Amino acid sequence: MTPHNHAQAGDYAEAVLLPGDPLRAKWIAETFLADARCVNTVRNCLGFTGSWKGAPVSVQATGMGQPSLAIYVHELINVYDVQKLIRVGTCGGLNTKVKVRDLVIALGAATDSTIVRDAFGRYGFAPTADFDLLADAVARARERSLRHHAGNVVSSDEFYHADSLKAYAPLMQHGILGVEMEAAALYTLAARFGRKALAICTMSDCLITGEEMNADERQSSLRDMVELALDVATGA
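Under my numbering, residues 604 to 839 are what the sequence shown spells out, in order.
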């Protein structure tokens, strides 16, 4: 147990999906997992464990942003011995080739966060996904004819920029696909502790065109993303 999690040893499977939203964690557990049981309710950051296609898997909400995610990921790894961590969330589009509802499978994650920067002194550490998880996700997305893009994202600590396109312009010029708020910290902690991590995001809105998903599109797109992530997490 920790100040943020009252789960007992063994309550989490070795593979965990990480949505930010606690209600999305509950939706994933109730919609996809067999025999799901709630293992954490502290601060309403809900955690569940069940099975997917016969394989054990968990889902744990992390809250929004890298500071919040870093708490849960650190504890999942160091207290509960989780081996594979897959973020499932949404991102804003920074590249016109990525359309609303497309999946973004994050190869690497640039960031403005001091969580990453302060740990490496003069070095600009490049947080990256686990290659095997990434390759498996891309192969499965291709097999299912899911619109997807594998490339770099930016994990920003700031949601409301005075001028987002101006703030992200240098990154857009270097091929960044989208912006979200968690992947860089996830990848850094996984590297630090020798675990496997991947972030898969659904592009919910485009900062360039202003296009965004409606409620029905969001639900169907998230289903594709979660099923892909569950298969990758469990090897199903």
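Backbone N, C-alpha and C define an ideal beta-carbon position, used for all residues, glycine too.
Because the structure is a prediction, the values reported are computed rather than measured.
Return helix, strand or coil for residue i, following the three-state DSSP convention.
{"i": "Ser759", "result": "coil"}
{"i": "Glu785", "result": "coil"}
{"i": "Glu830", "result": "helix"}
{"i": "Arg690", "result": "strand"}
{"i": "Met806", "result": "strand"}
{"i": "Asn647", "result": "helix"}
{"i": "Ser654", "result": "strand"}
{"i": "Ala772", "result": "helix"}
{"i": "Lys702", "result": "coil"}
{"i": "Ala753", "result": "strand"}
{"i": "Pro638", "result": "With the sequence shown as reference, residue 638 is identified as Asp, and Pro is not the correct amino acid for it. Reduced to three states, the DSSP call for Asp638 is strand."}
{"i": "Thr559", "result": "The question about residue 559 has no answer, for the chain in this structure spans 604 to 839."}
{"i": "Ala610", "result": "coil"}
{"i": "Ala839", "result": "coil"}
{"i": "Ala765", "result": "coil"}
{"i": "Leu697", "result": "coil"}
{"i": "Ala793", "result": "helix"}
{"i": "Leu801", "result": "strand"}
{"i": "Leu780", "result": "coil"}
{"i": "Ala616", "result": "coil"}
Nearest to residue i by CA position, among the options, is which residue?
{"i": "Lys700", "options": "Leu749, Gln669, Leu833 and Cys809", "result": "Cys809"}
{"i": "Leu736", "options": "Ala787, Thr805 and Leu833", "result": "Leu833"}
{"i": "Ala744", "options": "Met784, His777 and Asp705", "result": "Asp705"}
{"i": "Ala787", "options": "Pro670, His609 and Ile631", "result": "Pro670"}
{"i": "Tyr771", "options": "Ala794, Ala729, Gly695 and Arg750", "result": "Gly695"}
{"i": "Ala709", "options": "Tyr615, Val756 and Pro606", "result": "Val756"}
{"i": "Leu768", "options": "Ile811, Ser807 and Ala794", "result": "Ile811"}
{"i": "Ala753", "options": "Pro606, Ser824, Arg795 and Asn698", "result": "Asn698"}
{"i": "Tyr763", "options": "Val676, Asp624 and Gly668", "result": "Gly668"}
{"i": "Arg747", "options": "Val662, His609, Met828 and Leu620", "result": "Met828"}
{"i": "Ser758", "options": "Ala632, Ala802 and Asp721", "result": "Ala802"}
{"i": "Leu550", "options": "Phe728, Lys702, Ile680 and Arg795", "result": "Because residue 550 is not part of the residues shown, which for the chain are 604 to 839, the question remains open."}
{"i": "Ala738", "options": "Asn817, Asp760 and Leu831", "result": "Leu831"}
{"i": "Leu649", "options": "Thr634, Tyr790 and Pro622", "result": "Pro622"}
{"i": "Val642", "options": "Glu785, Ala612, His677 and Asp624", "result": "Ala612"}
{"i": "Ala742", "options": "Glu633, Met806 and Val835", "result": "Val835"}
Buried or exposed: where does residue i fall if 16 or more other Cβ atoms within 10 Å of its Cβ makes it buried?
{"i": "Lys687", "result": "buried"}
{"i": "Gln776", "result": "exposed"}
{"i": "Glu773", "result": "Checking the displayed sequence, the identity of residue 773 turns out to be Pro instead of Glu. Under this definition Pro773 is an exposed residue."}
{"i": "Leu636", "result": "buried"}
{"i": "Phe723", "result": "exposed"}
{"i": "Phe734", "result": "exposed"}
{"i": "Glu783", "result": "buried"}
{"i": "Ala628", "result": "buried"}
{"i": "Met604", "result": "exposed"}
{"i": "Ala765", "result": "exposed"}
{"i": "Asn647", "result": "exposed"}
{"i": "Lys799", "result": "buried"}
{"i": "His609", "result": "exposed"}
{"i": "Leu626", "result": "exposed"}
{"i": "Arg796", "result": "With the sequence shown as reference, residue 796 is identified as Phe, and Arg is not the correct amino acid for it. Exposed, because fewer than 16 other Cβ atoms sit within 10 Å of the Cβ of Phe796."}
Under 8 Å by Cβ, that's how I've got residue i and residue j pegged, so tell me the actual separation to the nearest angstrom.
{"i": "Val691", "j": "Gly781", "result": "That pair is no contact at about 14 Å."}
{"i": "Val660", "j": "Gly653", "result": "7 Å"}
{"i": "Thr731", "j": "Gly711", "result": "5 Å"}
{"i": "Ala839", "j": "Ile779", "result": "Ala839 to Ile779, Cβ: 31 Å. No contact."}
{"i": "Val662", "j": "Leu789", "result": "The pair is not a contact, with the Cβ atoms about 15 Å apart (cut-off 8 Å)."}
{"i": "Tyr615", "j": "Val685", "result": "6 Å"}
Using only the heavy atoms of the ligand NAP, determine whether one of them is closer than 6 Å to the beta carbon of residue i.
{"i": "Ile718", "result": "As far as ligands go, the structure on display features none, and thus does not contain the ligand NAP."}
| At what residue ranges does the segment 704–744 contain a whole run of the beta strand (DSSP E), taking only runs of 3 or more? | 706–714
| field | Whole runs of the alpha helix (DSSP H) within the segment 659–688, excluding any shorter than 4 residues | value | 669–681
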